[in-house]
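Engineer: With the first letter of the sequence shown counted as 1, position 146 gets the number 167 in the numbering used here; the numbers rise by one all the way through. Idealized CB from N, CA, C, for every residue including glycine. If you're wondering where the values come from, they're calculated on a predicted model, not measured in any experiment.
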Amino acid sequence: MLDIRDLSISYGVVPAVKAINLKIKRGQIVSLIGTNGSGKTTTLRAISGLAKVNGGQIIFEGNDLTNSDTYKIVEMGISHVPEGRGVFPNLTVLDNLIIGAFIRNDKEGVKQDLQEVFSFFPHLEKRKNQLAGTLSGGEQQMLAIGRAIMAKPKLLLLDEPSMGLAPIIVKEIFKVIKQVNDKGTTILLVEQNSKMALSIANYGYVLETGKIVAEGNVEDLKRNDLIRTIYLG
22 MLDIRDLSIS YGVVPAVKAI NLKIKRGQIV SLIGTNGSGK TTTLRAISGL AKVNGGQIIF
82 EGNDLTNSDT YKIVEMGISH VPEGRGVFPN LTVLDNLIIG AFIRNDKEGV KQDLQEVFSF
142 FPHLEKRKNQ LAGTLSGGEQ QMLAIGRAIM AKPKLLLLDE PSMGLAPIIV KEIFKVIKQV
202 NDKGTTILLV EQNSKMALSI ANYGYVLETG KIVAEGNVED LKRNDLIRTI YLG
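(1) Given a cut-off of 7 Å, decide if G70 and V19 are closer than it, judged by their beta-carbon atoms.
(2) What whole-angstrom Cβ distance do L176 and A169 have, given they're in contact under 8 Å?
(3) Please classify G107: does DSSP put it in a helix, a strand, or coil?
(4) Tell me the DSSP bridge mates of T113?
(5) Does the Cβ of L219 have 16 or more other Cβ atoms within 10 Å, making it buried, or fewer, making it exposed?
(6) For T63 versus I25, is the C-beta spacing smaller than 7 Å?
(7) Could you tell me which of M217, G237 and T207 sits nearest to E82, measuring between CA atoms?
(8) Under the three-state reduction of DSSP, which class applies to E240: helix, strand or coil?
(9) I need the boundaries of the beta strand (DSSP E) containing K216, first residue and last residue.
(10) Considering G76, what are the terminal residues of the beta strand (DSSP E) in which it resides?
(11) Is it a yes or a no for the segment 107-121 touching the segment 142-150, going by three-plus beta-carbon pairs under 8 Å?
(12) Give me the Cα-Cα distance between S140 and S215, rounded to the nearest whole angstrom.
(13) Tell me, please, which residues DSSP counts as bridged to D85.
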């Protein structure tokens, strides 16, 4: 479904991602783990057209989307939940969700998906007329994920969905991520919480200083002594 080939990205003269290769099959949850500054967020930003690619290709469903406009990438079926959530604070919860469906013309489908988001996150339905900026951090993360779901993506990019949240909220969000995947959405998950990331993933990549240093099925990664020591404690 997604095939990243020799992807290289630099900020000025500083290389952030160094010729990485990464594949995602349809229906998978793939986790990309690594420490701060390893290039995880930059990789997601390149996929969604927010970071300029200096070398390599990003192929999605057979189409080369390298350095394409972001709106075209969304139309192709990729939604991105950025680090920091990025909700529209001065709009209501409902308006934020409706904006997520801006590329869609199927009004009945949008209504159905809105109810599905509310079934995933009952907190949001209770606060649908509340300004997004007044929500708690956990509720804003739920809203950011819900807004991305409203675009009906084939591939969902999630950047640090657990960041700064209480453990009980993290468990709730990861439960929904799994439910979204079970309904057919492929997911690329970037996380520093390696235990949680690998607990729901099918396959994982470990990124360090812009290079992939390990990859494999989740069970194999969990048995890797180096990964267990550094990332799993």
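Structural biologist: This is what the structure holds:
(1) One cannot answer for residue 19 here, as it falls past the ends of the chain, which runs 22 to 254.
(2) Residue numbering aside, residue 176 sits at position 155 when the sequence shown is read from its first letter. Residue numbering aside, residue 169 sits at position 148 when the sequence shown is read from its first letter. Not really, about 10 Å apart at Cβ, beyond 8 Å.
(3) Counting from 1 along the sequence shown, the entry for residue 107 is found at position 86. Coil.
(4) Along the sequence shown, one-based indexing puts residue 113 at 92. Per DSSP, L152.
(5) Numbered from its first residue, the sequence shown carries residue 219 at position 198. Result: buried.
(6) In the sequence shown, the residue the question calls residue 63 occupies position 42. In the sequence shown, the residue the question calls residue 25 occupies position 4. No.
(7) Counting from one through the sequence shown, the residue named residue 82 turns up at place 61. It is T207.
(8) Translated into the one-based positions of the sequence shown, residue 240 becomes position 219. Note: E240 maps to helix in three-state DSSP.
(9) Mapped onto the sequence shown, residue 216 falls at position 195. Under the DSSP assignment, K216 falls outside any beta strand (DSSP E), being part of the alpha helix (DSSP H) whose first and last residues are S215 to I221.
(10) Taking the first residue of the sequence shown as 1, we reach residue 76 at position 55. That run of the beta strand (DSSP E) goes G76 to F81.
(11) yes
(12) The count along the sequence shown starts at 1 and reaches residue 140 at position 119. The count along the sequence shown starts at 1 and reaches residue 215 at position 194. Going by the C-alpha atoms only, they are around 27 Å apart.
(13) To locate residue 85, count along the sequence shown from 1; it is residue 64. Bridge partners of D85: I80.
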